[in-house]
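Colleague:
2 protein chains.
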Amino acid sequence: MDDGATSTRAGRPTLAAVAARAGVSPSTASLAFSGTGPVSESTRSRVLAAAAELDYAGPDPVARSLRRGRSGVVAVVTEDRLEDAFRDPMNLAVLDGIGEAFGDERLGLLVLPLVGHDRLELLDSAMDAAILLGCGTDLVATVDALRRRRVPIIGIETAPSEGVIAIDLDNRDASRRGAELLRSLGHRDAAVVALPLDSGRERRRLGPRESAGTAFVAIERLAGVRLVFPHATGIATASSSVADGVRAGRALLDVPAGDRPTAIIAQSDLLAAGVLVAADELGIAVPAQLSVVGFDGVRFDGSGVPELTTLVQPASEKGRAAGLAVLAALAGEAPRPAALTSELRTGATTGPAASRP
Amino acid sequence: MDDGATSTRAGRPTLAAVAARAGVSPSTASLAFSGTGPVSESTRSRVLAAAAELDYAGPDPVARSLRRGRSGVVAVVTEDRLEDAFRDPMNLAVLDGIGEAFGDERLGLLVLPLVGHDRLELLDSAMDAAILLGCGTDLVATVDALRRRRVPIIGIETAPSEGVIAIDLDNRDASRRGAELLRSLGHRDAAVVALPLDSGRERRRLGPRESAGTAFVAIERLAGVRLVFPHATGIATASSSVADGVRAGRALLDVPAGDRPTAIIAQSDLLAAGVLVAADELGIAVPAQLSVVGFDGVRFDGSGVPELTTLVQPASEKGRAAGLAVLAALAGEAPRPAALTSELRTGATTGPAASRP
DNA sequence: GACGGGGGTCGAATCGATTCGATCGAATCG
DNA sequence: CGATTCGATCGAATCGATTCGACCCCCGTC
Chain A
4 MDDGATSTRA GRPTLAAVAA RAGVSPSTAS LAFSGTGPVS ESTRSRVLAA
54 AAELDYAGPD PVARSLRRGR SGVVAVVTED RLEDAFRDPM NLAVLDGIGE
104 AFGDERLGLL VLPLVGHDRL ELLDSAMDAA ILLGCGTDLV ATVDALRRRR
154 VPIIGIETAP SEGVIAIDLD NRDASRRGAE LLRSLGHRDA AVVALPLDSG
204 RERRRLGPRE SAGTAFVAIE RLAGVRLVFP HATGIATASS SVADGVRAGR
254 ALLDVPAGDR PTAIIAQSDL LAAGVLVAAD ELGIAVPAQL SVVGFDGVRF
304 DGSGVPELTT LVQPASEKGR AAGLAVLAAL AGEAPRPAAL TSELRTGATT
354 GPAASRP
Chain B
4 MDDGATSTRA GRPTLAAVAA RAGVSPSTAS LAFSGTGPVS ESTRSRVLAA
54 AAELDYAGPD PVARSLRRGR SGVVAVVTED RLEDAFRDPM NLAVLDGIGE
104 AFGDERLGLL VLPLVGHDRL ELLDSAMDAA ILLGCGTDLV ATVDALRRRR
154 VPIIGIETAP SEGVIAIDLD NRDASRRGAE LLRSLGHRDA AVVALPLDSG
204 RERRRLGPRE SAGTAFVAIE RLAGVRLVFP HATGIATASS SVADGVRAGR
254 ALLDVPAGDR PTAIIAQSDL LAAGVLVAAD ELGIAVPAQL SVVGFDGVRF
304 DGSGVPELTT LVQPASEKGR AAGLAVLAAL AGEAPRPAAL TSELRTGATT
354 GPAASRP
């Protein structure tokens, strides 16, 4: 049986061994470690001494989890490669908020990028709860798999789904407010630079209507814009990054001046920053000739990006809400969903529409 | 016993229940799921049908781990808050490299930020191996705790330590080469903008000698520079970010022209980018009046940062090497350390030393 | 027709702890 | 002084699977 592959555990002392050495029963030794229940001080120190002699690291987490029915692990499920998922500063803030909410609870974060062909098999890890972070595409399959595991599921900005505790953001309404600002400044229309719309992640023109079931956030934000500019069109990017923003910006702006939009609504600040770079390249003045609205409220301090007009979203609040929802679910309390709101911050990238030449 | 806190598991069917329903023994049902061993096609489908009827999600990962002695989880230990650790693009690339190396092995990444007062308790999670990512400060305590767990430990750019499989980078030599480029361009000295030096993370002047036992990478890179410019001094930043680079840059450059360094060696590209911003603010021309060297080889595409002269490090290679080291250790093979090298890439931010006025 | 072999199935031990109820001695109280 | 209670400890069941060896039956072979 010892094929060398089990070497991980070779020679690891067990609680029983420690108990034997200390001259107590395993149950008492367990009590001494967990701190629960009454154990005399002398016994406790005898057990700890025996543990030290054997170089015992404490109760095996796996065995403990089995017995307790808790693993102390919360999965963060994302549909991106890690590199992409965490390049988005908003996701990082969310992660941080989660950790903050956990506080003293000893919960580890298991990051599960559902990418590749055997995607769902990764969900075969021990977990006490799952947080869906950047999930839009295969939500149904993922949620089903998790539901079968009887694990609380928290969805951050996911399409509503039975049994998923929702942490929502007012994506649609916030986008509408951004668009309204532009309209009030005299803009008659706006082009959209959208977040990735489907799992394919290819860059493409936005159609007149985008089907749901793809990236929920992108769809919602687009819908908000179209409440104000019904014919708004634009480009769906391959990722939320400055580089893709530059590409989209060039595609929209590097055209005869008459065809050029007077305003661009980017669905993230990284994309907006890219659009600004593209405008700069092409000699288009912002906000004199072009207004740009972002989304997120990323801090670009010191990196030369002008202060964006953008919708500031409470990203770490999202994480905190998700973390609290996990704790509540784990405590057997009622589901604790949350709905957060974004705030329009007027920066230096929006201004009155230029009169068309 | 059912205090509501165990609700996670309430009503979850077990393999035994599935077996009973399918009219087979638990052992056979197990075989049907694991695919190991001989099971007739009819039996297998009967078991799977029973599982579907009971909405059984497959064998409990915790119980399986206990029996198998493998949890399928690899811990990534960092000494930063997640937000800070992952803001560094190099760490992201490493993470991605790890995932890439794992390939088809179903291994999840458990992210453990060792921060806060009860730091080490987080290591009480199930794990098959641990990768030390941004660890410099409390290496000894961390390594001890992991060693007691009898878990393979992979250290990425950590100070050498017994029992830690090292994935190293030529930090010292690479920095030396960067400094030599500057010397060959006529620079007589260079100021250093260093990565954080201690866990305190406060910004401060570099002393003439920095003690080891703190951030290993920063020390090594500094030592490399001092092989060429023995009296090099500068500023230790609070974090590797553009914003902190700007602050450090201002502190070094906003002085009477005679006191101003002709060259700055930043220990990361983010810091270097910040220095460039500071120089721009102060009207200092790069590279005419100031040469700047970075480290990492971050791609700033499209964000207006000029092409840095920098030491391009193979970040995802580091991750891949770490991942392979994990796999080797898990397979019971001999330790597989790695030593990677960086390459000097000459960009547009270095030039001949300006003759002092 | 007896025997060997192999595929399919099952029993039972095991992984390493936790925890409930029982036990036992000592201290408290009436 | 006997009864009661409380604190400390122990035994044994349990968590949910995996896996080794045994067993059985059917088939092919000599």
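These protein sequence lines map, in sequence, to chains A and B.
Per the numbering used here, the very first residue in the first sequence carries number 4; after that it's consecutive.
Per the numbering used here, the very first residue in the second sequence carries number 4; after that it's consecutive.
No residue lacks a Cβ here, since even glycine has one placed at the ideal position from N, Cα and C.
Between the Cα of residue 74 of chain B and the Cα atoms of B/61, B/91, B/112, which residue gives the shortest distance?
Modeller: Sequence index remark: in the second sequence, residue 74 of chain B carries index 71 (1-based). Comparing Cα-Cα distances from residue 74 of chain B to each of B/61, B/91, B/112, the minimum goes to B/112.
Colleague: Relative to chain B, which residues along the segment 137–152 of chain A have a C-beta separation below 8 Å, given in chain order?
Modeller: 148, 151, 152
Colleague: From which residue to which residue does the beta strand (DSSP E) around residue 167 of chain B run?
Modeller: Here residue 167 of chain B corresponds to residue number 164 of the second sequence, with the count starting at 1. Element bounds for residue 167 of chain B: 167–172.
Colleague: Which residues bound the alpha helix (DSSP H) around residue 30 of chain A?
Modeller: Along the first sequence, read from residue 1 onward, the residue named residue 30 of chain A stands at position 27. In the DSSP assignment, residue 30 of chain A falls within the alpha helix (DSSP H) that extends over 29–37.
Colleague: Could you give the first and the last residue of the continuous alpha helix (DSSP H) run that contains residue 222 of chain A?
Modeller: Counting from one through the first sequence, the residue named residue 222 of chain A turns up at place 219. Here the alpha helix (DSSP H) through residue 222 of chain A covers 219–231.
Colleague: Going along the chain, which residues of the segment 83–109 of chain B sit with their C-beta nearer than 7 Å to a C-beta in chain A?
Modeller: 84, 85, 86, 89, 90, 95, 96, 98, 99, 102, 109
Colleague: Short of 7 Å in beta carbon distance, which residues of its chain neighbour residue 264 of chain B, apart from the five on each side in sequence? Order them along the chain.
Modeller: Counting from 1 along the second sequence, the entry for residue 264 of chain B is found at position 261. 192, 193, 194, 255, listed in sequence order.
Colleague: In chain order, what residues of the same chain lie with their CB nearer than 7 Å to the CB of residue 94 of chain A, ignoring the 5 residues before and after it?
Modeller: Within the first sequence, the letter at position 91 stands for residue 94 of chain A. A distance below 7 Å between beta-carbons, with the five flanking residues on each side excluded, links residue 94 of chain A to the following residues of its chain, in chain order: 88, 136, 137.
Colleague: Are the segment 141–153 of chain B and the segment 319–326 of chain B touching, with three or more C-beta to C-beta distances below 8 Å?
Modeller: no
Colleague: In terms of alpha-carbon separation, which member of B/30, B/84, B/21 lies closest to residue 58 of chain B?
Modeller: For the purposes of this step, residue 58 of chain B is taken as the residue at position 55 of the second sequence. Of B/30, B/84, B/21, the residue nearest in Cα terms is B/21.
Colleague: Does the distance from the C-beta atom of residue 344 of chain B to that of residue 309 of chain B stay below 9 Å?
Modeller: Against the second sequence, residue 344 of chain B aligns to sequence position 341. Against the second sequence, residue 309 of chain B aligns to sequence position 306. No, Cβ-Cβ distance for residue 344 of chain B and residue 309 of chain B is not below 9 Å.
Colleague: Measuring alpha carbon to alpha carbon, tell me which of A/233, A/259, A/197, A/237 ends up nearest residue 245 of chain A.
Modeller: Counted from its first residue, the first sequence places residue 245 of chain A at position 242. Answer by Cα proximity: A/197.
Colleague: Should residue 178 of chain B go down as buried or exposed, given a rule of 16 or more other Cβ atoms within 10 Å for buried?
Modeller: By 1-based counting over the second sequence, the position of residue 178 of chain B is 175. Here residue 178 of chain B is buried: its Cβ has 16 or more other Cβ atoms, across all protein chains shown, within 10 Å.
Colleague: With a Cβ-Cβ cutoff of 9 Å, do residue 133 of chain B and residue 159 of chain B count as a contact?
Modeller: The residue labelled residue 133 of chain B in the question sits at position 130 within the second sequence. The residue labelled residue 159 of chain B in the question sits at position 156 within the second sequence. For residue 133 of chain B and residue 159 of chain B, no; Cβs fall outside 9 Å.
Colleague: At a Cβ cut of 9 Å, what residues of the segment 67–78 of chain B count as close to chain A, listed as they run along the chain?
Modeller: 67, 68, 69, 71, 72, 73, 74, 75, 76, 78
Colleague: How would you list, in chain order, the residues of chain B whose beta-carbon sits under 7 Å from the beta-carbon of residue 15 of chain A?
Modeller: Reading the first sequence from its first residue, position 12 is the one you call residue 15 of chain A. Neighbours of residue 15 of chain A on chain B, chain order: 153.
Colleague: Short of 9 Å Cβ to Cβ, which residues in the segment 208–241 of chain B face chain A?
Modeller: none
Colleague: Answer with yes or no whether the minimum CB distance from residue 166 of chain A to chain B is below 9 Å.
Modeller: Position 163 of the first sequence, counting from 1, holds the residue named residue 166 of chain A. Chain B contact via Cβ: absent.
Colleague: If we cut at 9 Å on Cβ distances, does residue 189 of chain A have a partner in chain B?
Modeller: What you label residue 189 of chain A is simply residue 186 of the first sequence in a count that begins at 1. Chain B, which has no Cβ nearer than 9 Å to the Cβ of residue 189 of chain A, makes this no.
Colleague: Need the endpoints of the beta strand (DSSP E) that residue 277 of chain A sits in, please.
Modeller: On the first sequence, position 274 is the one that residue 277 of chain A refers to. First-last for residue 277 of chain A: 272–284, but that is the alpha helix (DSSP H), not the beta strand (DSSP E).
Colleague: Short of 8 Å in beta carbon distance, which residues of its chain neighbour residue 225 of chain A, apart from the five on each side in sequence? Order them along the chain.
Modeller: By one-based count along the first sequence, residue 225 of chain A stands at place 222. If we look at residue 225 of chain A and ignore the five residues flanking it on each side, its Cβ neighbours are 178, 195, 197, 209, 213, 235, 270.
Colleague: Quick one: Cα of residue 274 of chain B to Cα of residue 33 of chain A, how far?
Modeller: On the second sequence, position 271 is the one that residue 274 of chain B refers to. On the first sequence, position 30 is the one that residue 33 of chain A refers to. Computed Cα separation, rounded: 50 Å.
Colleague: Determine the burial state of residue 187 of chain A: buried for a count of at least 16 other Cβ atoms within 10 Å of its Cβ, exposed for fewer.
Modeller: The residue labelled residue 187 of chain A in the question sits at position 184 within the first sequence. Exposed, by the Cβ-count rule.
Colleague: Classify residue 72 of chain A as helix, strand or coil using the three-state DSSP reduction.
Modeller: Here residue 72 of chain A refers to the residue found at position 69 of the first sequence. Three-state result, residue 72 of chain A: coil.
Colleague: What residues of chain A sit near residue 320 of chain B, judged by a beta carbon separation below 7 Å?
Modeller: Along the second sequence, read from residue 1 onward, the residue named residue 320 of chain B stands at position 317. Simply none; closest approach about 14 Å.
Colleague: On a Cα-Cα basis, can you pick out the residue from A/340, A/252, A/128, A/55 that is closest to residue 281 of chain A?
Modeller: As a first step, residue 281 of chain A must be located in the first sequence, where it is residue number 278. That would be A/252, whose Cα lies nearest to the Cα of residue 281 of chain A.
Colleague: Pull the bridge partners of residue 64 of chain B from the DSSP assignment, please.
Modeller: Numbered from its first residue, the second sequence carries residue 64 of chain B at position 61. In DSSP, residue 64 of chain B forms no bridge with anything.
Colleague: Which two residues bound the contiguous beta strand (DSSP E) that contains residue 158 of chain A?
Modeller: Position 155 of the first sequence holds residue 158 of chain A. Here the beta strand (DSSP E) through residue 158 of chain A covers 156–159.
Colleague: Alpha carbon to alpha carbon, how far is residue 175 of chain B from residue 189 of chain B? Give it in angstroms, no decimals.
Modeller: The sequence position of residue 189 of chain B within the second sequence is 186, counting from 1. The sequence position of residue 175 of chain B within the second sequence is 172, counting from 1. About 21 Å.
Colleague: Out of A/222, A/36, A/233, A/268, point me to the one whose CA is closest to residue 60 of chain A's CA.
Modeller: As a working note, residue 60 of chain A is residue 57 in the first sequence. Nearest option by C-alpha distance: A/36.
Colleague: Between residue 329 of chain A and residue 166 of chain A, what straight-line distance do the alpha-carbon atoms span, to the nearest angstrom?
Modeller: As a position in the first sequence, residue 329 of chain A is number 326, starting the count at 1. As a position in the first sequence, residue 166 of chain A is number 163, starting the count at 1. Cα-Cα distance, rounded: 13 Å.
Colleague: Between the beta-carbon of residue 367 of chain B and the beta-carbon of residue 69 of chain A, is there less than 9 Å?
Modeller: This structure gives no information on residue 367 of chain B, because the portion of chain B shown stretches from 4 to 360.
Colleague: Is there a Cβ from chain B that is less than 9 Å from the Cβ of residue 37 of chain A?
Modeller: Here residue 37 of chain A corresponds to residue number 34 of the first sequence, with the count starting at 1. No, its Cβ sits nowhere closer than 9 Å to a Cβ of chain B.
Colleague: Taking only beta-carbon atoms, is residue 124 of chain A less than 9 Å away from chain B?
Modeller: Position 121 of the first sequence, counted from the start, is the residue given in the question as residue 124 of chain A. It does; some Cβ of chain B falls within 9 Å.
Colleague: Taking residue 231 of chain B as the reference, which of B/67, B/116, B/181 has the closest Cα?
Modeller: Here residue 231 of chain B is taken as the residue at index 228 of the second sequence, counted from 1. The residue with the shortest Cα to Cα distance from residue 231 of chain B is B/181.
Colleague: For residue 336 of chain B, which three-state DSSP category applies?
Modeller: As a first step, residue 336 of chain B is located in the second sequence; it is residue number 333 there, counting from the start. Residue 336 of chain B: coil per DSSP, three-state reduction.
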